[in-house]
Amino acid sequence: MNVDQRQSTSAAARPGSQGRLAAAQPKRILTTKQKQLISAVLAFHLLAVITGPLAAPPSSELFGQLWDKMQWYVEPMFLNHGYRFFGPDPGASHLVEYEVELADGSKLTGDFPDLGDHWPRLFYHRHFMLSERLQAFPDSRQPPDALLAIGMACGLSGEGATIDLPGDPTINALARSYARHLYHKHNAKRVKLTLVRHLIPQPDWVLEEGMKLDDPSLYVRWLLADYTPEDAEFDGARQSLAQAPSGAAGVSARARLEEVQP
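Dropping the structure here:
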């Protein structure tokens with residue numbers, strides 16, 4: 027064996043030499059067509075991401091046509107979000123105040139969502155959605171136009187206004203379910219729910235009159251639910267009827283429901 031062969035053999039036999047040789051191999055590089063294809067896919071997905079916000083009403087006819095062409099991809103990918111919670115024209119915010127009368131006669135009060143109690147933020151957001159769902163009612167549940175004239179103009183008291191409006195079946199059912207949950211959770215005697223709407227002042231009220239965003243007159247309240255033991259008994263009878271089989275058991279459950287129906 028000559029000198030060159032010995033040097034080559036000894037170099038290959040050294041520890042770690044194989045790793046250095048492998049590292050020295052050229053890396054695979056994407057071809058131009060592959061790069062173009064990846065870029066096109068990313069650009070298409072980015073277009074889908076912005077299609078939802080752009081096409082959410084109010085929008086132009088151009089963005090409406092864009093939605094028509096992209097809907098097949100946007101909806102299955104769950105990208106159809108408007109992201110217009112705070113603009114361009116934000117609305118009033120809503121809270122639900124509750125008063126729970128406990129079995130010993132004491133009262134438990136609170137509201138939701140509550141940044142102090144509902145943590146982490148996602149838990150707060152879930153309660154935020156519960157309260158905001160109650161404001162999605164038809165015009166019959168909206169405060170009268172006079173309430174938009176805040177303060178002296180509408181004659182609201184310094185503690186805000188409480189108004190009585192005709193109910194909506196869907197909202198009443200939701201509010202009743204919230205009250206029922208609190209009733210059973212605390213083994214209560216009575217539960218009252220009040221919806222609080224925090225109105226947004228007009229710019230001139232803030233700039234010219236110095237109104238604060240948390241001015242008491244900007245809060246409008248109305249009673250949502252007053253859940254009593256009679257309501258709990260009725261709901262229990264209705265649930266029994268829904269679960270009762272046909273025959274004598276069903277007849278008995280129906281008779282009990284008619285007996286406790288308010």
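Here the sequence shown is numbered in our numbering, starting from 27 and rising by one per residue.
Where a beta carbon is used, it is the ideal one built from N, C-alpha and C, also for glycine.
All values reported here derive from a predicted model rather than from experimental measurement.
In the DSSP assignment, K133 forms a beta bridge with E127. Residue ranges of uninterrupted beta strand (DSSP E) with 3 or more members, entirely inside the stretch 207 to 278 and ordered along the chain, are 216 to 224 and 245 to 253. Taking 8 Å as the cut-off, the beta carbon of D137 is found no closer than this to the beta carbon of E158. Boundaries of the alpha helix (DSSP H) harbouring L63: T58 to A81, taken from the DSSP string. Within the same chain, Cβ atoms closer than 6 Å to the Cβ of Q161 are found at H120, the five residues on either side in sequence being excluded. The three-state reading of DSSP puts H120 in strand, counting E and B together. Shown here, F149 sits in a helix according to DSSP, grouped into three states. In terms of Cβ geometry, A118 and R247 do not form a close pair [threshold 8 Å]. By the Cβ criterion, the stretch 210 to 228 is in contact with the stretch 248 to 266, since at least three pairs of Cβ atoms, one from each stretch, lie closer than 8 Å. For M96, the enclosing alpha helix (DSSP H) stretches over residues E87 to V100. For F138, the pairing in a beta bridge is given by DSSP as V122. DSSP, reduced to helix, strand and coil, places N106 outside both helices and strands of the structure shown, so it counts as coil. In the pairwise beta carbon analysis, the stretch 83 to 103 is classified as not touching the stretch 58 to 66: fewer than three pairs are separated by under 8 Å. Within the same chain, L134, L208, H212, A214 and V217 come within 6 Å of V126 by CB-CB distance, once the 5 residues on both sides are set aside.
Note on geometry: alpha-carbon atoms of L141 and F154 lie some 10 Å from one another. Sorting D240, A205, H71 and S266 by C-alpha distance to the C-alpha of P102 places H71 at the top.
Nearest neighbour of A74 by Cα position, chosen from Y99, L128, L239 and S85, turns out to be Y99. The beta-carbon separation of L219 and A201, rounded to 6 Å, stays under the 8 Å limit for a contact. Within its own chain, the residues whose Cβ lies closer than 7 Å to the Cβ of Y109, once the five positions on either side in sequence are excluded, are P79, listed in chain order. Sequence-distant Cβ neighbours of A205 in its own chain, meaning closer than 7 Å and more than five residues away, are V217, L219, A251 and Y253. Taking the Cα of L128 as reference, the smallest distance to any Cα among T57, H210, Q228 and P116 is reached at H210. Under the 10 Å beta carbon count, S86 is surrounded by fewer than 16 other beta carbons and is classified as exposed. About 18 Å separates the beta carbon of L249 from that of L225, a gap too long to meet the 8 Å contact definition. Rounded to the nearest angstrom, the gap between the Cα atoms of P116 and A258 is 38 Å.
Here Q228 has no same chain residue with a Cβ atom under 7 Å from its own Cβ, once five neighbours each way along the sequence are excluded. Sixteen is the threshold: since fewer than 16 other Cβ atoms of the shown chains lie within 10 Å of the Cβ of P146, the residue is exposed.
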